[in-house]
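What follows is a short report on a single structure.
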Amino acid sequence: DGAQQATYIVHMAKCQMPSSFDHHSLWYDSSLRSVSESAEMIYTYNNAIHGFATRLTPGEADSLMTQPGVISVQQEQKYELH
Amino acid sequence: TTRTPLFLGLDGQNAGLFPETGASSDIVIGVLDTGIWPESKSFSDEGYGPIPSTWKGECQAGTNFTASLCNRKLIGARFFSDGYERDYGKINQADESKSPRDDFGHGTHTASTAAGNVVKGANYLGFASGTASGMAHRVRVSVYKVCWKSACVSSDILAGMDKAIEDNVHIMSLSIGGKSTSYTGEISMGAFSAMERGIFVSCSAGNDGPSPSSLSNAAPWITTVGASSIDREFPGVVILGNGKNYTGVSLFNGNALPAKLLPFVYGNYCSRGTLNPEKVKGKIVMCIKDDSVRTEKGEVVKAAGGLGMILANAAGSGEEVLADAHVLPVTAVGQKAGDIIRRYVLTDPNPTASILIRGTVVNVRPSPMVAAFSSRGPNTITPNILKPDLIAPGVNILAAWTGALGPSGLGTTSDTRRVEFNINSGTSMSCPHVSGLAALLKSVHPEWSPAAIRSALMTTAYNTYKDGKPILDVATGKPSTPFEHGAGHVSPTAAVNPGLIYDLTTEDYIDFLCASNYNLSLITIISRGNYTCPRKTHPAADLNYPSFAVNVKGSGTYKYTRTVTNVGGAGSYTVKVISETAAVKISVEPAVLNFKKVNEKKSYSVTFTVVSSMAPRSNSFGSIEWSDGKHVVASPVAISWT
């Protein structure tokens, strides 16, 4: 839709994963596909958080937030060396 | 680093406290930074045994980096650029290594500070010479390159933390920060997961001092480290044509300037394009510090034909001067000397100047002092948790450097020098000191939780000099407070045997989040668990933290509860309360704690009773100290009137 994409970190409630998924990464991917066919998974996080990083438009981010099991969609932050 | 092991008491005399074999060499510190220069002698694996069997990390190949560059010391090296490349475009591999290789020096500096091997004859152009060693020189290192030329982005940092956890590091060191107004920042969340798995996470407090409430990385499950000076300086004397001398800081070869007074001109901020070569050539130029990179000013002066630079602090920026690896002879001076020198250069009809190098001076007193740049409390996210936790050496620290970039940090065309060691300042430098010390404690006490390790470091930290006078703050020249130094300056030889510890579990932190009114979604995000907050929670201030921050609103009493665990022998501990104000009465109940065995827990409560009012935004400080005659278990107290 021409809107500017940004990187988002998506937090998932892993305890809500439907039993039809064998692995959480498949569930994450399915959730992402529900709002964007073309969005690619940048990272899947397994230990630090339950979730993934992806590029989305603000509209896609809002839409993803309404999906079951999605608890937060945070825009990526910039950090600096100290 | 040279000097800081001695300054921290980790010299031969105390070698027996921290065994160099066995458990120590099984500890792994994960450093998330700009990567590593694996050829540095600091990462030699001479004398190391096999890699621990629990290790799951790997050495990732990429630009200018093969898997064979890792060894039994540098046991892991990974890079995370997928998030960065989405934001900033593809990495130009002619300019920057898309691999764990450190093109910037920062990561090599921090990794060697935490865990570099022993290197004899280390120095920077003859300065700070000695035997360099990381704080925990027998432990292993794994690096996670998460910072690139233009930025560190949180998706990459989180990916690095994710892998470090999976790889089985014991300590995580992050000299990185950002602006965060809650505990849902990526470093905070990654650190929570690490803490749950027993990984100690040490982070830099930030370099936004001396402004109050300027802290980064303030989550209570992170150990937040401020910066202080050590007993070493590199004096350089500015000699003016009127016969007056002013001492500053200088890191240049003594033969670099002619031994005579040179014409002297004023260049103001010496920004790019502002100096006229006709007016500068063959002269010493006075420049005023601003927010731009300090070594860039030297580059500008040199490009305009200047022979040397006197770099002065601007009005209001105080007396802190840091040693920088400039590309021409430079002496940096504080604001007071700078004001006088500026008057001279602007008013004398024929100003002249020279710079006299004094080399390296040690046993400087008073030391340590809190660095002016070190970020300070109060903690804006949770005012009832005192941050920073402690301070450690972070001023003019010599440590290993990359071979890809000159010591000034300027581009390869501006600075063609290459050095094995460089001198840098920042809370980036203090954080890995604490990471290494935590590794030492972990090697002696493998069963200690991250909170126990932090407690030991905090309750044994000192905040007075040997003569009993308080540690000073460079920003003010006055005694520092717990908002600047936290519990005080780290003292590893005392931390190894703290007597009592304030321990914390994951559940304690969850209770704290509940008490802090985090909703269940936020708690799930941070903890990844399916928790329910109890209907009645403990106050957030009751988190079993080794410090006390009290926010007084009007009158009343404020009661805090703590539980200490005995990690020494049997003993009777008596409390001593120190407070600088009579406006709040502090009482502790019970006043004596008797321990019969190791791991026994005892609780006590502290009641702060407001006796008289104080002006809003005023602060008062003190401490609560338990002692059995052998150990002193000290907690700082900060009382703030809102």
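Just so you know, the protein sequences line up as chains A and B, in that order.
According to my numbering, numbering within the first sequence proceeds without interruption in unit steps and concludes at 82.
According to my numbering, numbering within the second sequence proceeds without interruption in unit steps and concludes at 1642.
Where is the CB? At the ideal position from N, CA and C, for every residue including glycine.
A quick note: this is a predicted structure, and the numbers were derived from the prediction, not measured.
How many whole angstroms separate the CB atoms of residue i and residue j, which I take to be in contact at a CB cut-off of 8 Å?
i	j	result
Gly1267/B	Val1321/B	Not a contact, Cβ separation roughly 18 Å.
Ala1540/B	Ala1515/B	4 Å
Asp972/B	Asp1082/B	For residue 972/B there is no data in the structure shown, the boundaries of chain B being 1001 and 1642.
Ser1216/B	Asp1033/B	Wrong, their Cβ atoms sit about 15 Å apart, outside the cutoff.
Ala48/A	Gly1190/B	4 Å
Ala1495/B	Leu1441/B	6 Å
Ser1129/B	Thr1002/B	7 Å
Val1333/B	Gly1306/B	Wrong, their Cβ atoms sit about 17 Å apart, outside the cutoff.
Pro1492/B	Gly1009/B	7 Å
Phe1621/B	Val1637/B	6 Å
Grab me the residues of residue i's own chain with a C-beta within less than 7 Å of its C-beta, minus the 5 sequence neighbours each way, in chain order.
i	result
Arg1417/B	Gly1406 and Pro1407
Gly1035/B	Phe1079, Pro1100, Arg1101, Asp1102, Gly1107, Val1143 and Lys1145
Phe1007/B	Ile1230, Asp1231 and Pro1393
Pro1590/B	Tyr1604
In chain order, what residues of the same chain have a beta carbon less than 8 Å from the beta carbon of residue i, not counting five sequence neighbours either side?
i	result
Ala3/A	Thr57, Pro58 and Gly59
Ile1239/B	Asn1245, Leu1261, Ala1353, Ser1354, Ile1355 and Leu1356
Met17/A	His24, Trp27 and Gly69
Val1598/B	Asn1566, Val1567, Gly1568 and Gly1569
Tyr1124/B	Leu1251, Ala1325, Leu1398, Pro1407, Val1419, Phe1421, Asn1422 and Ile1423
Arg1197/B	Ile1165
Val1280/B	Val1265, Gly1267, Val1301, Ala1304, Gly1305 and Gly1306
Leu32/A	Val10, Ala39, Met41, Phe52, Thr54 and Leu64
Could you name the residues of the same chain whose beta carbon sits closer than 6 Å to that of residue i, not counting the 5 residues immediately before and after it, in chain order?
i	result
Asp1208/B	Ser1214 and Ser1375
Phe1373/B	Asn1207 and Gly1209
Tyr1509/B	Trp1221
Ile1453/B	Phe1200, Ala1438 and Leu1441
Asn1014/B	Thr1493
With respect to the beta strand (DSSP E) encompassing residue i, which residues constitute its N-terminal and C-terminal limits?
i	result
Asp1312/B	This sequence places Ala at residue 1312/B; Asp is not what is there. Element bounds for Ala1312/B: Gly1308 to Ala1312.
Met1172/B	Ile1171 to Leu1174
Ile1029/B	Val1028 to Asp1033
Ser1627/B	Asn1619 to Ser1627
Trp1448/B	From DSSP, Trp1448/B is part of no beta strand (DSSP E); its letter is neither H nor E.
Ile1288/B	Ile1284 to Ile1288
Ala1638/B	Val1632 to Trp1641
Glu1589/B	Val1584 to Glu1589
Lys78/A	Lys78 to Leu81
Gly125/A	Outside the displayed range of chain A (1 to 82) lies residue 125/A, so it cannot be described from this structure.
His11/A	Ala6 to Met12
Going by DSSP, what residue range makes up the alpha helix (DSSP H) through residue i?
i	result
Lys1163/B	Ser1154 to Asp1167
Gly1436/B	Thr1427 to Val1444
Cys1059/B	Segment: none, Cys1059/B is in no alpha helix (DSSP H) and carries neither H nor E.
Gly1076/B	Where Gly1076/B is concerned, there is no enclosing alpha helix (DSSP H), although the beta strand (DSSP E) it sits in stretches over Leu1074 to Phe1079.
Gln74/A	No alpha helix (DSSP H) contains Gln74/A, which is instead part of the beta strand (DSSP E) from Val70 to Gln75.
Cys1514/B	Thr1506 to Ala1515
Phe948/B	Nothing about residue 948/B can be reported from this structure: the residues present for chain B run from 1001 to 1642 only.
Ser1042/B	From DSSP, Ser1042/B is part of no alpha helix (DSSP H); its letter is neither H nor E.
Lys1279/B	Pro1277 to Val1280
Val1345/B	Gln1335 to Thr1347
Using alpha carbons as the reference points, say which of the options lies closest to residue i.
i	options	result
Trp1626/B	Ala1404/B, Pro1546/B and Ser1182/B	Pro1546/B
Thr1380/B	Phe1483/B, Lys1283/B and Cys1287/B	Phe1483/B
Gly1571/B	Asn1463/B, Glu1589/B, Val1118/B and Glu1600/B	Glu1600/B
Ala1114/B	Tyr1560/B, Ile1027/B and Pro1329/B	Ile1027/B
Glu1447/B	His1170/B, Asn1530/B and Val1564/B	His1170/B
Gly1308/B	Gly1316/B, Val1293/B and Cys1287/B	Cys1287/B
Val1370/B	Tyr1518/B, Gly1359/B and Pro1388/B	Pro1388/B
Leu81/A	Asn1517/B, Ser1430/B, Gly1477/B and Ala1487/B	Ser1430/B
Ala1392/B	Gly1426/B, Gly1411/B and Pro1383/B	Gly1426/B
Pro1235/B	Ser1053/B, Arg1358/B and Val1364/B	Arg1358/B
Asn1276/B	Ser1491/B, Ala1303/B and Glu1296/B	Ala1303/B
Thr1378/B	Gly1160/B, His1485/B and Ala1315/B	A small fix is needed here, since residue 1378/B is Pro in this sequence, not Thr. Nearest option by C-alpha distance: His1485/B.
Gly1049/B	Gly1022/B, Val1153/B, Gly1089/B and Ile1029/B	Gly1022/B
Ser1612/B	Val1584/B, Asp1628/B, Val1592/B and Val1633/B	Val1584/B
His1137/B	Lys1149/B, Gly1089/B, Val1119/B and Gly1411/B	Val1119/B
Gly1499/B	Ala1456/B, Asn1519/B and Lys1576/B	Ala1456/B
Thr1563/B	Pro1038/B, Val1327/B, Ser1635/B and Arg1365/B	Ser1635/B
Leu1069/B	Ser1044/B, Asp1087/B, Gln1093/B and Pro1212/B	Ser1044/B
Output the residue ranges of the alpha helix (DSSP H) runs that lie fully inside the segment 1352-1419 of chain B and measure 4 residues or longer, sorted by chain position. none
Along the chain, which unbroken stretches of the beta strand (DSSP E) at least 3 residues long are found entirely within the segment 1196-1245 of chain B? 1200-1204, 1223-1228 and 1235-1240
Quick check on the DSSP output: what are the complete beta strand (DSSP E) runs of length 3 or more inside the segment 1100-1157 of chain B, in order along the chain? 1119-1124, 1127-1132 and 1140-1145
For the segment 1533-1570 of chain B, list the beta strand (DSSP E) runs that are entirely contained and at least 3 residues long, ordered along the chain. 1548-1552 and 1557-1566
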